[in-house]
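Take 740 as the starting number for the sequence shown in this note's numbering and just add one per residue.
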Amino acid sequence: MIKNDHFSEKKLKAIELLMQSYSPGEVAIELGISRVTVYRWLKDDNFQKELTNKKSEIIEGVSRKLAGALDKSVQVLIELRDSCKQPNIRRLSSMAVIDYTLKISEMTDLESRIKVLEAAIDKK
Numbered sequence: 740m741i742k743n744d745h746f747s748e749k750k751l752k753a754i755e756l757l758m759q760s761y762s763p764g765e766v767a768i769e770l771g772i773s774r775v776t777v778y779r780w781l782k783d784d785n786f787q788k789e790l791t792n793k794k795s796e797i798i799e800g801v802s803r804k805l806a807g808a809l810d811k812s813v814q815v816l817i818e819l820r821d822s823c824k825q826p827n828i829r830r831l832s833s834m835a836v837i838d839y840t841l842k843i844s845e846m847t848d849l850e851s852r853i854k855v856l857e858a859a860i861d862k863k
């Protein structure tokens, strides 16, 4: 469970349930509170900030897992391309390697450009 001294146990549980794709109505039923209360919490800036922080933590964790699996997955695509006798599978795996390489290159380029822009903004 999330630990935060600023929120009640019910609010913390609500955040966890919302992160598990519960609807506000389902959260209300699960916690034994009114739906209006959940919607009021959702309008609260501090609650939204905590919800956003939790989402960011989850995304960062998933990103680390995917990054860890990336090298092995690319190797599988390359091995498939090199070992398969079926031209269509060789073509598709080759296209996948090229496509993912281009996407990573674009993302890296965008990240570099954003850093330059942020540095320029910070200097002003």
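For every residue, glycine included, the Cβ atom is placed at its ideal position computed from N, Cα and C.
Identify whether residue i lies in helix, strand or coil by the three-state DSSP scheme.
i	result
ASP771	According to the sequence shown, residue 771 is Gly rather than Asp. Residue state, collapsed to three classes: coil.
TYR761	coil
HIS745	coil
LYS863	coil
GLN825	coil
ASP696	Because the chain spans 740 through 863 in this model, residue 696 falls outside it and cannot be assessed.
Going straight from the alpha carbon of residue i to that of residue j, what length do you get?
i	j	result
ILE772	LYS750	11 Å
VAL815	GLU850	27 Å
ASP848	PRO763	39 Å
THR791	GLU765	20 Å
ILE798	LYS804	10 Å
ALA753	ALA767	8 Å
LYS863	ILE853	16 Å
ARG774	PHE786	15 Å
GLU748	ARG779	16 Å
SER822	ARG830	12 Å
LEU757	HIS745	18 Å
LYS824	SER802	34 Å
ALA858	ARG820	42 Å
ASN827	LYS794	39 Å
Could you check if residue i is buried or exposed, using at least 16 other CB atoms within 10 Å of its CB as the buried criterion?
i	result
GLU866	Any answer about residue 866 is impossible in this case: the structure gives the chain only from 740 up to 863.
SER832	buried
LEU841	exposed
VAL777	buried
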